[in-house]
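Protein chains in written order, with my numbering: chain G, 159 to 269; chain F, 677 to 791. The beta carbon of each residue, even a glycine, is placed where N, CA and C say it ideally should be.
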Amino acid sequence: GENVEQHPSTLSVQEGDSAVIKCTYSDSASNYFPWYKQELGKGPQLIIDIRSNVGEKKDQRIAVTLNKTAKHFSLHITETQPEDSAVYFCAALNSGYALNFGKGTSLLVTP
Amino acid sequence: GAVVSQHPSRVICKSGTSVKIECRSLDFQATTMFWYRQFPKQSLMLMATSNEGSKATYEQGVEKDKFLINHASLTLSTLTVTSAHPEDSSFYICSARSGLPEKLFFGSGTQLSVL
Numbered sequence: 159g160e161n162v163e164q165h166p167s168t169l170s171v172q173e174g175d176s177a178v179i180k181c182t183y184s185d186s187a188s189n190y191f192p193w194y195k196q197e198l199g200k201g202p203q204l205i206i207d208i209r210s211n212v213g214e215k216k217d218q219r220i221a222v223t224l225n226k227t228a229k230h231f232s233l234h235i236t237e238t239q240p241e242d243s244a245v246y247f248c249a250a251l252n253s254g255y256a257l258n259f260g261k262g263t264s265l266l267v268t269p
Numbered sequence: 677g678a679v680v681s682q683h684p685s686r687v688i689c690k691s692g693t694s695v696k697i698e699c700r701s702l703d704f705q706a707t708t709m710f711w712y713r714q715f716p717k718q719s720l721m722l723m724a725t726s727n728e729g730s731k732a733t734y735e736q737g738v739e740k741d742k743f744l745i746n747h748a749s750l751t752l753s754t755l756t757v758t759s760a761h762p763e764d765s766s767f768y769i770c771s772a773r774s775g776l777p778e779k780l781f782f783g784s785g786t787q788l789s790v791l
């Protein structure tokens with residue numbers, strides 16, 4: 159089945175700096191890669207996603223890149239703010255149309 | 677984005693009782709909903725896939741008689757934890773798949789504590 163690896167597990171940056179989280183996947187048939195932000199005690203919130211027919215997508219301070227050949231995709235957050243602090247999960251859609259998640263990255267943005 | 681409503685957000689129950697969790701897609705029809713379980717500081721683990729009008733598909737190791745799933749309409753799926761025990765205490769989250777373009781949205785989660 160699909161295996162999604164996510165790094166780093168924790169990330170601490172200063173406000174205003176950029177944060178990058180990387181994921182790899184194993185199933186070459188996966189074609190949809192969403193990123194979720196989860197705050198404590200809440201459900202995951204979809205923040206950006208990318209499909210396999212594009213290599214990059216941007217939404218204001220957030221961008222995602224996809225390298226299908228290498229089977230990895232990354233989340234980039236620029237000009238980080240304290241409210242960006244949360245756990246971020248990458249995911250890949252498997253052949254059963256369910257998501258397989260990475261183990262998460264705990265991002266801390268310090269003022 | 678689309679809205680998925682999940683209730684209750686928190687429930688405390690005695691060991692041996694059953695608990696029902698509801699998941700509703702508020703502004704779209706969801707032929708498929710998913711139920712996940714999450715332990716503290718861990719990732720989401722898929723428990724089962726719920727298809728409207730048919731039996732749910734359970735992941736390996738998930739007891740279908742313990743975690744009853746009903747998807748009676750295109751906007752509602754329920755998870756019933758039967759004869760709950762302390763080891764069932766966890767954060768349960770549902771997600772629903774929207775139409776084209778297909779995306780998956782999550783409910784706010786239910787924190788179950790079994791005493």
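Which residue comes first and which comes last in the beta strand (DSSP E) that contains residue i?
| i | result |
| --- | --- |
| Asn-863/F | Residue 863/F is absent from the model: chain F starts at 677 and stops at 791. |
| Asn-746/F | 743-749 |
| Asn-258/G | 257-259 |
| Glu-160/G | Per DSSP, Glu-160/G belongs to no beta strand (DSSP E) and is neither H nor E. |
| Val-667/F | This structure does not reach residue 667/F, given that chain F is present from 677 up to 791, and the question cannot be answered. |
| Leu-794/F | No answer is possible for residue 794/F: it lies beyond the span of chain F, which begins at 677 and ends at 791. |
| Lys-215/G | 214-217 |
| His-230/G | 230-235 |
| Ala-732/F | From DSSP, Ala-732/F is part of no beta strand (DSSP E); its letter is neither H nor E. |
| Ser-766/F | 766-773 |
Would you grab the beta carbon distance between residue i and residue j for me? Rounded to a whole angstrom, and I think it's under 8 Å.
| i | j | result |
| --- | --- | --- |
| Val-267/G | Glu-173/G | 6 Å |
| Ser-162/G | Asn-258/G | In the sequence on display, residue 162/G carries Val and not Ser. About 5 Å; that satisfies the 8 Å criterion. |
| Ser-784/F | Ser-685/F | 6 Å |
| Lys-215/G | Ile-208/G | 5 Å |
| Thr-223/G | Gly-213/G | 6 Å |
Using 8 Å as the limit for Cβ to Cβ distance, is residue i near chain G?
| i | result |
| --- | --- |
| Gly-729/F | no |
| Leu-791/F | no |
| Gly-775/F | no |
| Thr-751/F | no |
| Ile-745/F | no |
| Gln-787/F | yes |
| Gln-705/F | no |
| Gly-783/F | yes |
| Ser-719/F | yes |
| Phe-710/F | yes |
| Ile-769/F | yes |
Determine, for residue i, whether the minimum Cβ-Cβ distance to residues of chain F falls below 8 Å.
| i | result |
| --- | --- |
| Lys-200/G | yes |
| Leu-140/G | This structure leaves residue 140/G out entirely; chain G is present only between 159 and 269. |
| Phe-247/G | yes |
| Pro-166/G | no |
| Phe-259/G | yes |
| Gly-262/G | yes |
| Leu-233/G | no |
| Tyr-183/G | no |
| Pro-269/G | no |
| Leu-265/G | no |
Please list, in chain order, the chain A residues whose beta carbon lies closer than 8 Å to that of residue i.
| i | result |
| --- | --- |
| Asp-207/G | The structure shown contains no chain A; its protein chains are G and F. |
Quick test of the definition: if touching needs 3 or more C-beta pairs under 8 Å, does the region 754-773 of chain F touch the region 236-253 of chain G? no
Would you be able to state if there are at least three C-beta pairs under 8 Å between the region 678-698 of chain F and the region 759-772 of chain F? yes
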